[in-house]
Structure formats: C-alpha cells, structure tokens
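What follows is a short report on a single structure.
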Amino acid sequence: MNTVATGVGAVLAGDAGLAGLAGGTVPSPEPANPAAQLPGRGLRYKDRATQLGLAAARAALADAGLLGDADELLVPPGEAGVVVSSNLGNADTVCRVVETIATEGTRATSPMDLPNASSNVIASSIAIRFGLAGPNVMLCNGETSGLDALFWAQSLLVSGRCKYVVTVGVEPDNPVVRRLTGRDRVLDGAAAVVLELAGTAEGRGVRTRLGLGPYRRTADLSGCLTGLAGAAEVPARWYTSDAAGAAPADVLPAVPRVDLAAVWGAASGALGVLQCAAAIGWFDGGGSGPVLAVNGADDGPATAAMVFDRSSAR
Amino acid sequence: MTTAITGMGAVASIGGNVDEFFAALCAGRTGNAPLRVFDTERYRSRNAYEIDDRPAGGPDTAMRTTTYLITAIEQALRAAGMSDDLSGVPVLVGTGLRELRSLELWHRDRAAFGPDDLHFGAALRAKFGALTTHTFSNACAASLYALAMGADLIEQRSSDVVVVAGVDMISESMFGLVERIHPKAPDVVRPFDRNRLGAVMGEGAAAVVLRRADPAADEATALLRGVGVNCDAYHVTAPSPAGMATAMRDAHRRAGVTPADVGLVMLHGTGTMLNDEAEATALADVFGPAARDPLMTATKCMTGHTSGASGLLGLITAVRALRDGVVPPTIGLDDLVDEAEGFRIVTGEQATHRARRAQVNAFGFGGINAVAIVEVDE
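Here the protein sequences come in this chain order: A and B. Here the first sequence is numbered in numbering that gives the first Met the number 0, starting from 0 and rising by one per residue. Here the second sequence is numbered in numbering that gives the first Met the number 0, starting from 0 and rising by one per residue.
See below:
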C-alpha cells in the first residue's frame, strides 16, 4: 500500500511558500504572517506555533482538494486525521506562566494560556478549525520528529484509522527557544503535507505529488543508509540533517546536498516535514529520482531517514 | 486483534508497583495530601496527589518524569520476563506534560536541561539501548493513544513486541492554570458527584509490554482486543459526548464486541463538571439499556488526575480487576449526577465481580478521545 502526498503548504519568512522553500534562499527577512492566510476570527489567543500550523494545514488541505471555498471539509470528518510534529511550540508559554506564578501568583496568569500550556494545542486546534474528526496525534520526538510524523501518518492510513492525514511540522522562534537550543537562527515557520493511500488518491482523481518510500530509525547515519540501500542506492538529492558533521564528504560523495536549516534556521521537529514539502517542490519543478531525507545526529538519541520518490507518485 | 499484554508496571502516589497500586485502590486509599514542593503561598489549591519522594520543604528535583518512566518500564519488562535490552523493541510513550517541569526548573532555577531532555529518547537509549522511541504528547488521552499506535505496529507486523508507557509529573504552569480556571479551587477529585469542584493533578507512570499473541504459549496477562481513537473537532477545553461515543463505538468495532460483552468500565472520571456529564451521556448513548449491566469505577479520586499516564493506569487496573475478580471503589461519590443515573458505579467497599472484558476510557484536552477494550481468559 503506497502512501502518497496530494497536497502541500508552507508558511515561511518572506512569504516564501513552496517555490521559495524548494528554491533554497530566503526571499526577504519579513517574518511569516500566518494570520494573512487565515480568514475570519479565532486567532487572538492562539500561540505563534498554532497560528503557523493552522496556516500550513489550510494550504495543504486546500491544495489536496479537501477544502471548499468556505474552508469547509469536503470529505466525512472521521476520515480525516492530523499528525503534528513540534518540540518547542509551547516552551515559551510554559516558561512565561511559571515566571508569572513566581512573581505575582496564579491570579496574574491568563486562563487563555491553559490550552496553550498543553503540548497538543496545535494538533487539536487544526482539527477543530477544519473539522477533522479522525485520529489526532501530537508527536514531540526531538530532532527526528518530522520524519517520524510522516511514518505515523502512514501507519494511521495503513491501519485504516482514516483516509487522509494532514501532517504538519512547525516550530516558532522566540528567546526561550533560542536559549534552550543554543542556536541564534531558528525556524519560524511550518510545512504541511496531506497524505493518503495511492488507491484513495486514484479513486478521487487527484494528482499525486510524491510517494513515501521506506523509513529507517537507528543509531546513526550509516545504519540508516545500510537499511535503505535497496531503496536509494544513489539518491538524486539528499536533504541533510542540520547537525554538525551530519553529511560527511565521503558519504554519498556525488549526491547534491540540501541543508534547509542553513536557509531557514534550525528546524527541530519541523525539519522532516519541511524536507518532504521541499521535495514536492523539487519534483513539481521537474526533479526526478529518489530523494533521501535525514533527521537527527550520530551523537543524538537516534537518526531517522526516509526516501521520497516521484515514481510511486503518478 | 491478537495482541497480548505480557507485563505491566505502575507507579503513583498510592503505590510503587502494580501490586501496591492495585491493593491501595481496592482498599480505597487516597494519595491526596497537602502540596509538598511548590511554594504554597502562590496557590489557592492546597492539595495534590504527588509521589512523595522529595525532602519536605526542600527544592524540587529535575528529571523526575524520566525517572518514573524508566521505573515503570523496568517493572513491565521484569513481569514479562524480558531483559533491559530494548535495542530492537519500539518504545512508545504517551505524556501530557513531557519533561516540562524540568524546563520550568531550567528557566527559573537554572537546572541543567537541554532540548533532547524534553522527550525521552536520549534517556531510553542510555538505559535500555532503545532506538525506536516515540514521545506522543496527546494530553490526558496520551497513553491510550500510544497504545493504539503500538497495537497498530503489531497488527501491521512491523514489530512482534512493543513497549507502551504513559507518564506525567505535576508542572507548576499546568497546576497554576488549572487552578486559575476554577472559581473555587478543588482539594479532592470527586468523580460523578453532584458537588464535585474539578480536577486535582496527580503523578504517575505506567507501562505495558505488548506482544503478538501466541495461542500456543500461555504467557498473556490479558489480551488487548482493540483501541479506538478520534477527535471531537469541537472545542479545545469543552468535551463532546458525540465524539466520546464515536471513540467507544470504534473500540467496540475493532474489538469485535457489543456493549453487552463489556463487564467493567474504567471511567475517565476527572471530577470536572463538563467531563463527567459528557462521559456519562456518551456511555448512556452507546450502551443503551446495557449501561445498567457492567460495574464501573473511577479511580482518579485516589490517584488524582495523572494526565497522560491515566489511561494506561486505568488499563492496568482493569486487567487486575478482571484477573482478581475485585473492582476498586470510587471514593467521595455521595450524590450521583443525573446523567449517570442507573450506572453501577462501585462505591463504599471494593466489589467482588466476575467479568471477562473491560472498557477503559481516556479523554483529553482538545477533544481527543481514546478507548481500549481488554479481555482475560474465563
């Protein structure tokens, strides 16, 4: 059962969108403006990560032909699920609230922070806004979380728990995130892809943009490459992890490398989904051949890798 | 579904392992106590259901969530007759609050902490050599959501053995915000009582070992028949009875059972106004006249609301209740809400009860629902 992507969205600095993401340069330093892409009310108390995730999800759902003109869902609600990957989405809310309690007590906190203090606020907010009543999964799994999220979305589809999964990777930029990660350039953005089984896409006559190939999660890069050897002997393109030394010169030496974090900032749990969206942009622009995406570091908890293919997408 | 539960582990305010935990529940013993570590001057709430492991009046300790997660997994592995080597075994963790308490201590008190400490991958690799580790942050439904994802791995034949765990320790930000939304701060959890005031947080960790069921080997503690998951897609904090009912029906369908086959219901029962009404309404809708048959109980009155751990703690309680033929009581329930009229919720003393199948409910923030069906041999 092949899993394919049928819709994609990206919300990035400089209003870059998919073309900008695949192009590999930031068009302008203007921060992403998710509110411009989310008509109507209801954003006031949503944190930055939730707003970014909502905007990316909307773009991907619309691109996949699942939303009508008034953003209404065009398939039965229970058939549509959500998987979101984010590690740092609510770190700033948690730190701000605990500081307020220490200085002024609980009365000074805002009840509007309660949903934002729960790490799954992004995934559930997407479900509520677009009426997606299928499984709703919030993955906070570290540097590999983005590729892991694609794997779990596929698992939901293969298990028949739903027919469509909007899969979102999102991280916000703020002082807490910078201090915690020790990075001075961090992503402030989101990417989303709609995944479904190839047969579902074929049945509703939509164009498929990318196929999910095999996924490996193991101790290090060489373990992942060994595990994927049959699927991508020589990939056409390699979206690298942003860890230091993540793409040694002697590994896959002839393969062009793309370090999205070098362009957009350290992407943490968003990186894997960002890579998938970038691969779709590259395929859309005529690229072909298997694409390798890697998350994580040899000295981290684990390394994850996935192959994206155009050939399994028709 | 043919998934066996071959080992279980549990830690909570009322007991440090499954035997202690279940005995305390059956005895009606509560873990409710005056708030120990947070600066009580800052709060109206005076009580919680903490695991009491820190020196009185001393500072809080970082990384307790990780510590108790590992303890619960170790217990489950021992019970399943497995070693500590999980290099080839997926470990799925459901948690509402991750290590956010340690993030707070890092932010405010400069405790040592890094981004990889927020999830549990690094600690699980260091302790068990585990490489396939996944942290699901699905609020109060987290551990049953992780159970569904783990059962799917076994059903898809991508793994023969999966460890599923749930864990949460109280964070100050969540404790403070939960208090903030209550007009009157609750001191105890009183599920389904007309005079309930709301949820009070508790601490806990739970783990189970899942294995593809082998009919030839008599190793199963219980069978996991099915787990249904969904989302209300309705409101961030207000639950929807319709969404809960859909999750229950999905669980029954996956398990191949009808409401009449369910002999015990482990209620989510947070003691909040909205949850208990919605849960009772959903049960009455799904079970119809059969809602008067199964025994039911809600144990957060003794454990507090253990958030992401609560679903799996409920499942472990259900398995022990089915195996031992004893159902723990719901304490503090004096005046039953109208919506639960006719339900056989155990109150007072523990009840002797023979049943083969139990339903376990877990519902969370954002309207996410997870319902599991477990079974033991007759």
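For every residue, glycine included, the Cβ atom is placed at its ideal position computed from N, Cα and C.
**Request:** With a 10 Å radius around its C-beta and 16 neighbouring C-beta atoms as the bar for buried, classify GLY198(A) as buried or exposed.
**Result:** As a position in the first sequence, residue 198(A) is number 199, starting the count at 1. It counts as exposed.
**Asked** Would you report the Cα separation of VAL163(B) and GLY149(B), rounded to the nearest angstrom?
**Response** For the purposes of this step, residue 163(B) is taken as the residue at position 164 of the second sequence. For the purposes of this step, residue 149(B) is taken as the residue at position 150 of the second sequence. Cα-Cα distance, rounded: 7 Å.
**Request:** Taking only beta-carbon positions, decide if ALA312(A) is within less than 8 Å of chain B.
**Result:** On the first sequence, position 313 is the one that residue 312(A) refers to. Confidence in ALA312(A) is poor, its pLDDT being 48 and thus under 50, which makes the residue's placement unreliable; the coordinate value appears in the next sentence. With 8 Å as the cut-off, ALA312(A) does not count as an interface residue toward chain B.
**Request:** Assess, as a yes-or-no matter, whether the region 65-84 of chain B is touched by the region 330-342 of chain B under the definition of 3 or more beta carbon pairs within less than 8 Å.
**Result:** no
**Message:** What does the alpha-carbon distance come out to for the pair ASP292(B) and GLY268(B)?
**Reply:** The residue given as residue 292(B) occupies position 293 in the second sequence. The residue given as residue 268(B) occupies position 269 in the second sequence. Between ASP292(B) and GLY268(B), the C-alpha separation is close to 18 Å.
**Message:** Distance cutoff 8 Å, beta carbons only. Does CYS139(A) sit that close to anything in chain B?
**Reply:** Your numbering for residue 139(A) matches position 140 in the first sequence. It does; some Cβ of chain B falls within 8 Å.
**Three-state secondary structure assigned by DSSP to HIS251(B)** = Here the question's residue 251(B) lines up with position 252 in the second sequence. Here HIS251(B) sits in helix by DSSP.
**Request:** Could you tell me how far apart the beta carbons of PHE423(B) and GLY93(B) are, in whole angstroms, since I believe they sit closer than 8 Å?
**Result:** Missing from the structure shown is residue 423(B); chain B here goes from 0 to 377 and no further.
**Request:** Figure out for me which residue from ALA317(B), ASP167(B), GLN358(B), LEU311(B) has the closest Cα to the Cα of LEU261(B).
**Result:** Counting from one through the second sequence, the residue named residue 261(B) turns up at place 262. Note that residue 261(B) corresponds to Val in the displayed sequence, not to Leu. Among ALA317(B), ASP167(B), GLN358(B), LEU311(B), the Cα nearest to that of VAL261(B) belongs to GLN358(B).
**Prompt:** Cβ of CYS230(B) less than 8 Å from any chain A Cβ?
**Reply:** If you number the second sequence from 1, residue 230(B) lands on position 231. With 8 Å as the cut-off, CYS230(B) counts as an interface residue toward chain A.
**Prompt:** Taking the alpha-carbon positions, what's the LEU85(B) to MET137(A) distance?
**Reply:** Taking the first residue of the second sequence as 1, we reach residue 85(B) at position 86. Taking the first residue of the first sequence as 1, we reach residue 137(A) at position 138. Looking at the two C-alpha atoms, the distance is approximately 24 Å.
**Message:** Between which two residues does the alpha helix (DSSP H) holding GLU374(B) run?
**Reply:** By one-based count along the second sequence, residue 374(B) stands at place 375. Run containing GLU374(B): none in the alpha helix (DSSP H); it sits in the beta strand (DSSP E), 367-374.
**Message:** Starting from GLU276(B), trace the alpha helix (DSSP H) in both directions and tell me its first and last residue.
**Reply:** Counting from one through the second sequence, the residue named residue 276(B) turns up at place 277. Element bounds for GLU276(B): 272-286.
**Asked** So which of ALA320(B), ARG53(B), VAL199(B) has the shortest CA-CA distance to CYS139(B)?
**Response** Against the second sequence, residue 139(B) aligns to sequence position 140. With distances taken between Cα atoms, CYS139(B) lies closest to VAL199(B).
**Request:** Determine the contact status of VAL326(B) and THR280(B), defining contact as a CB-CB distance below 8 Å.
**Result:** For this step, residue 326(B) is matched to residue 327 along the second sequence. For this step, residue 280(B) is matched to residue 281 along the second sequence. Result no, Cβ atoms of VAL326(B) and THR280(B) do not sit closer than 8 Å.
**Asked** Under a three-way DSSP split, which group does GLY8(B) fall into?
**Response** Translated into the one-based positions of the second sequence, residue 8(B) becomes position 9. GLY8(B): strand per DSSP, three-state reduction.
**Prompt:** If you drop the 5 nearest sequence neighbours on each side, which residues of the same chain put their C-beta closer than 7 Å to that of ARG313(A)?
**Reply:** As a first step, residue 313(A) is located in the first sequence; it is residue number 314 there, counting from the start. Low per-residue confidence applies at ARG313(A): pLDDT is 45, beneath 50, and the placement is therefore not dependable enough to give any value.
**Asked** By the criterion of Cβ-Cβ separation under 8 Å, what are the contact partners of ALA218(A) in chain B?
**Response** Taking the first residue of the first sequence as position 1, residue 218(A) is located at position 219. Residues of chain B passing the Cβ test: LEU130.
**Item:** Identified DSSP bridge partners for CYS230(B)
**Value:** Translated into positions along the second sequence, residue 230(B) becomes position 231. ILE367(B).
**Request:** Could you spell out the range, first to last residue, of the alpha helix (DSSP H) harbouring SER117(A)?
**Result:** Sequence index remark: in the first sequence, residue 117(A) carries index 118 (1-based). Careful: SER117(A) lies outside any alpha helix (DSSP H) and carries neither H nor E.
**Message:** Given this structure, state the Cα-to-Cα distance separating ILE4(B) from ARG77(B), to the nearest angstrom.
**Reply:** For the purposes of this step, residue 4(B) is taken as the residue at position 5 of the second sequence. For the purposes of this step, residue 77(B) is taken as the residue at position 78 of the second sequence. If you take the alpha carbons of ILE4(B) and ARG77(B), they lie about 13 Å apart.
**Same chain, Cβ closer than 6 Å to ASN31(B), five either side skipped, listed in chain order** = In the second sequence, the residue the question calls residue 31(B) occupies position 32. Result list for ASN31(B): ASN46, TYR48, VAL187, in chain order.
**Under 7 Å from the C-beta of MET272(B): neighbouring residues of chain A** = In the second sequence, the residue the question calls residue 272(B) occupies position 273. By Cβ distance, chain A contributes nothing, its closest Cβ being about 15 Å from MET272(B), past 7 Å.
**Request:** State the Cα-Cα distance for the pair MET111(A) and TYR44(A), rounded to the nearest angstrom.
**Result:** Here residue 111(A) corresponds to residue number 112 of the first sequence, with the count starting at 1. Here residue 44(A) corresponds to residue number 45 of the first sequence, with the count starting at 1. Their backbone Cα atoms lie some 6 Å apart in a straight line.
**Item:** Burial state of ALA259(B), where buried means 16 or more other Cβ atoms lie within 10 Å
**Value:** Against the second sequence, residue 259(B) aligns to sequence position 260. ALA259(B) should be labelled exposed.
**Request:** Using a Cβ cut-off of 7 Å, pull out every chain B residue sitting near TRP324(A), in sequence order please.
**Result:** Coverage of chain A is limited to positions 0 through 313, which leaves residue 324(A) absent and any answer about it impossible.
**Prompt:** Terminal residues of the continuous beta strand (DSSP E) containing ALA152(A)?
**Reply:** Within the first sequence, residue 152(A) is the residue found at index 153, counting from 1. First-last for ALA152(A): 144-157, but that is the alpha helix (DSSP H), not the beta strand (DSSP E).
**Message:** Would you say ARG210(B) lies against chain A (beta-carbon separation less than 8 Å)?
**Reply:** In the second sequence, residue 210(B) corresponds to position 211, counting from 1. Answer no: the Cβ-Cβ gap between ARG210(B) and chain A never drops below 8 Å.
**Item:** Selection of the region 146-161 of chain A by Cβ proximity to chain B, strictly under 8 Å
**Value:** ASP147, TRP151, SER154, LEU155, VAL157, SER158, ARG160
**Request:** Could you say which of PRO75(A), PHE282(A), ARG57(A) lies nearest to ALA69(A) if we only look at CA atoms?
**Result:** The count along the first sequence starts at 1 and reaches residue 69(A) at position 70. The candidate whose alpha carbon is nearest that of ALA69(A) is ARG57(A).
**Message:** Within the continuous beta strand (DSSP E) that includes THR302(A), where are the two ends?
**Reply:** Position 303 of the first sequence, counting from 1, holds the residue named residue 302(A). Looking at the DSSP string, the run of the beta strand (DSSP E) that includes THR302(A) is 302-308.
**Asked** So the beta strand (DSSP E) GLU170(A) belongs to, where does it begin and stop?
**Response** The residue you call residue 170(A) lines up with position 171 of the first sequence. Start and end: 163-170.
**Prompt:** Going by DSSP, which residues form a beta bridge with ASP167(B)?
**Reply:** Your numbering for residue 167(B) matches position 168 in the second sequence. Answer by DSSP bridge pairing, in chain order: GLY203(B).
**Message:** Residues of the region 16-40 of chain A in Cβ contact with chain B at a cutoff of 7 Å, in chain order, please.
**Reply:** none
**Near-chain B residues of the region 50-76 of chain A - C-beta to any C-beta below 7 Å** = PRO76
**Item:** Inside the region 218-254 of chain A only - alpha helix (DSSP H) runs reaching at least 4 residues
**Value:** 220-226
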